[in-house]
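So the structure is just underneath, and the comments pick up after that.
There are 2 protein chains.
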Amino acid sequence: MPSFKPIRPARISEEVTEQIKRSILLGDFKAGDRLPPERSLAEEFQVSRVAIRDALRSLETSGFLTIRQGATGGAFVTELTFESLNNAFLDLFLSDKISLPELQQVRLVIEPEVAALAAERVTEAHAQRLKEALAVEEEPIRSLAQDIEVKGAVHYILAQMCGNRFFEAVVRSMLRLTSQVVAAVQPDPRTMHPEGLHVPVVQAVLSGDRRAAAREMKKHAEEFGRTLLKMEKAFRNRRR
Amino acid sequence: MPSFKPIRPARISEEVTEQIKRSILLGDFKAGDRLPPERSLAEEFQVSRVAIRDALRSLETSGFLTIRQGATGGAFVTELTFESLNNAFLDLFLSDKISLPELQQVRLVIEPEVAALAAERVTEAHAQRLKEALAVEEEPIRSLAQDIEVKGAVHYILAQMCGNRFFEAVVRSMLRLTSQVVAAVQPDPRTMHPEGLHVPVVQAVLSGDRRAAAREMKKHAEEFGRTLLKMEKAFRNRRR
DNA sequence: GCAAATTATTTGTCAAGCTAAAATATAGCT
DNA sequence: AGCTATATTTTAGCTTGACAAATAATTTGC
């Protein structure tokens with residue numbers, strides 16, 4: 000019985016890509032390590048530099064490598080981050096493959112759970128950060144961009160607290176998308192800034208009551224969702 | 000006041016990438032359209048073919064293009080799919096950036112909601128597919144690979160039914176990850192095959208009762224989660 | 001009319017060299 | 001000695017020009 004291998008990697012560069020990728024996943028190269036220079040790799044793989052470059056470029060766009068020019072440059076293995084997930088997300092949204100209502104549906108399920116988990120794992124340091132974030136929200140608004148950032152902070156901190164990196168990634172992606180929509184639509188700051196927006200949520204989380212935290216976050220998410228959905232049409236029509 | 004543009008795209012190829020990407024997102028090229036051949040692009044952008052190729056390769060790995068060789072070949076714009084999300088996911092898992100317990104936590108939140116949504120949107124055609132899937136589950140097991148596929152079917156159908164493409168994508172990603180774990184660990188088929196595994200879930204969904212659907216799915220997910228977590232250690236130690 | 005051979009078009013790959021970036025070593029000056 | 005400018009080294013980025021390979025359309029031969 001033969002092995003029936005090839006089929007897909009008709010391209011040499013893909014074969015190279017997969018070998019390097021496997022090598023990284025198996026731990027032959029760890030985060031921070033530098034791959035041999037292109038020319039050495041070309042020699043080792045017995046292919047041209049172009050094929051190597053294609054492979055490295057591909058691995059760079061999927062987040063496994065960062066490539067730097069210069070004397071101490073080269074292809075460095077990077078700790079894989081959720082950035083690629085994030086980007087995939089943003090692209091899908093920009094191509095209308097995910098809609099704001101769908102996103103809102105997701106948020107409504109995930110954010111309360113995140114708040115609940117955060118309530119279970121709150122520490123003194125976390126509490127401090129949350130209180131600071133609330134304090135900053137009370138300061139006068141300087142610019143829309145800054146306002147967006149400030150408003151996201153609580154969600155961001157809770158996501159970090161929840162201890163689930165997937166949830167954290169999703170929340171971050173959604174924050175980024177939301178920012179983009181808000182920044183594009185440029186709404187009246189006051190509709191975006193009810194006083195004490197996040198106070199009940201934070202209080203519930205700090206009390207350590209997971210049910211209360213989930214309840215308050217759900218309320219908040221529903222409210223903000225209504226605001227956001229109003230912006231959708233404006234956003235879709237904009238198209239710079 | 001100057002515009003302060005460049006900063007990031009130090010590379011020509013990235014500049015090309017971004018221009019083409021923007022062009023696609025703005026709808027200048029629609030799914031199915033073919034970009035001009037590399038040589039024409041090179042002329043138009045006034046750069047070499049290699050720079051163009053680097054850009055096209057990058058866009059291919061992020062899922063915007065598929066490139067085919069030959070007379071009617073070229074770089075074709077593709078409808079962006081959730082495949083890239085899927086891949087990002089798998090990579091994160093393989094690099095230990097997401098753990099099985101975390102995944103299980105996510106599943107426990109998402110799958111019940113998916114079932115609930117499915118219950119609200121069930122149609123005759125859906126009902127038919129679900130019943131077929133249940134029937135297939137009752138047939139004798141032929142191979143592990145096939146068993147995995149059969150067991151995933153119900154989840155897959157529900158995900159399609161739920162009408163939220165993000166949820167669908169997440170469920171699909173998790174199915175794929177689960178398959179990989181199960182396939183690697185090669186557990187005893189009988190532990191994987193309690194009779195009528197999905198019957199209560201499907202019944203609840205078909206009854207149109209969203210609360211019942213969510214409840215049954217949660218029960219099922221918790222049960223399967225226990226099985227899966229038992230496999231985790233075996234999976235992490237395997238490392239082919 | 002059909003099959004085989006040819007041609008055209010396009011990406012894939014190669015080779016060799018030059019440019020640009022970035023760190024390091026060296027030289028020259030005060 | 002200490003600083004600054006210059007040169008060197010190492011690396012990826014880019015260019016050019018050529019050929020290979022895949023694929024479809026066209027022509028040729030029968």
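As given, the protein sequences belong to chains A and B, one line each in that order.
If you read the first sequence in numbering that gives the first Met the number 0, its first letter stands for residue 0, the second for the next number, and so on.
If you read the second sequence in numbering that gives the first Met the number 0, its first letter stands for residue 0, the second for the next number, and so on.
Where is the CB? At the ideal position from N, CA and C, for every residue including glycine.
The model shown is predicted, which means the values in this text are computed figures rather than measured ones.
Using a C-beta cut-off of 8 Å, the segment 193–213 of chain B makes contact with the segment 110–124 of chain B, since at least three inter-stretch Cβ pairs fall below that distance.
Proximity of chain B to residue 105 of chain A at the Cβ level (cut-off 8 Å) is accounted for by 163, 165 and 166, in chain order. DSSP lists no beta-bridge partner residue for residue 225 of chain A.
The DSSP-derived three-state label of residue 183 of chain A is helix. Within the model, the alpha-carbon separation for residue 174 of chain A versus residue 86 of chain B is close to 22 Å.
The segment 165–182 of chain A makes contact with the segment 70–90 of chain A, as at least three CB pairs between them are under 8 Å.
With its beta carbon less than 9 Å from one in chain B, residue 93 of chain A belongs to the interface.
Residue pairing of residue 33 of chain B in beta bridges, as defined by DSSP: B/75.
Note: residue 65 of chain B is bridge-paired with B/75 in the DSSP secondary-structure output. Against chain A, a Cβ distance below 7 Å from residue 56 of chain B picks out 53, 56 and 57. Taking a Cβ-Cβ cut-off of 7 Å, the neighbours of residue 96 of chain A in chain B comprise 79 and 164, given in sequence order. The same chain holds no residue with a CB closer than 6 Å to that of residue 143 of chain A once the five nearest residues on each side in sequence are set aside.
Leaving aside the five residues that flank residue 151 of chain A on each side, the residues in its chain whose CB is nearer than 6 Å to its CB run, in chain order, 174. In the three-state DSSP reduction, residue 169 of chain A falls in the helix class (H, G or I).
Any Cβ of chain A closer than 9 Å to the Cβ of residue 108 of chain B would place that residue at the interface, and such an atom is present. Excluding five sequence positions before and after residue 237 of chain B, the CB atoms of its chain that fall closer than 8 Å to its own CB belong to 183 and 184, given in chain order.
At a Cβ-Cβ threshold of 9 Å, residue 102 of chain B and residue 24 of chain A do not count as neighbours. Along the segment 193–227 of chain A, there is no position whose C-beta sits under 7 Å from a C-beta of chain B. Per the C-alpha coordinates, the member of B/225, B/220, B/36 and B/17 positioned closest to residue 71 of chain B is B/36. DSSP places residue 193 of chain B outside both helix and strand once states are collapsed to three, so it counts as coil. Straight-line measurement puts the Cα of residue 197 of chain B at about 14 Å from the Cα of residue 113 of chain B.
Residue 95 of chain B counts as exposed, since fewer than 16 other C-beta atoms from the protein chains shown sit within 10 angstroms of its C-beta. Counting other Cβ atoms within 10 Å of its Cβ, residue 187 of chain B stays below 16 and is therefore classed as exposed. If you ignore the 5 residues before and after residue 78 of chain A, its C-beta comes within less than 6 Å of the C-beta of 30, all in its own chain and listed in chain order. Listed along chain B, no residue sits closer than 8 Å to residue 65 of chain A by beta-carbon distance, the nearest being about 12 Å off. The residue from A/63, A/50, A/153 and A/227 with its alpha-carbon nearest to that of residue 15 of chain A is A/50.
Annotation: the segment 81–134 of chain B contains the following complete segments of the alpha helix (DSSP H) (minimum length 4 residues), in chain order: 82–93 and 99–119.
Only residues of its own chain outside the window of five on either side were considered, and among them 33 and 65 have a CB closer than 6 Å to the CB of residue 75 of chain B, listed in chain order. Around residue 233 of chain A, the same chain offers 184 as residues with beta carbons nearer than 6 Å, after the five sequence neighbours per side are excluded.
Residue 48 of chain B sits close to residue 38 of chain B, with the two beta carbons spaced by under 9 Å. About 13 Å separates the beta carbon of residue 140 of chain A from that of residue 181 of chain A, a gap too long to meet the 8 Å contact definition.
Check the Cα spacing between residue 166 of chain A and each of A/228, A/219 and A/105: the tightest is with A/105. Taking the Cα of residue 97 of chain A as reference, the smallest distance to any Cα among A/202, A/177, A/222 and A/220 is reached at A/177. Inclusion of residue 52 of chain A and residue 53 of chain B in the CB contact set at 9 Å is warranted, their separation being smaller than that value.
Across the set B/193, B/91 and B/162, the C-alpha of B/91 shows the shortest separation from the C-alpha of residue 61 of chain A.
With 16 or more other CB atoms across the displayed protein chains lying within 10 angstroms of its CB, residue 203 of chain A is buried.
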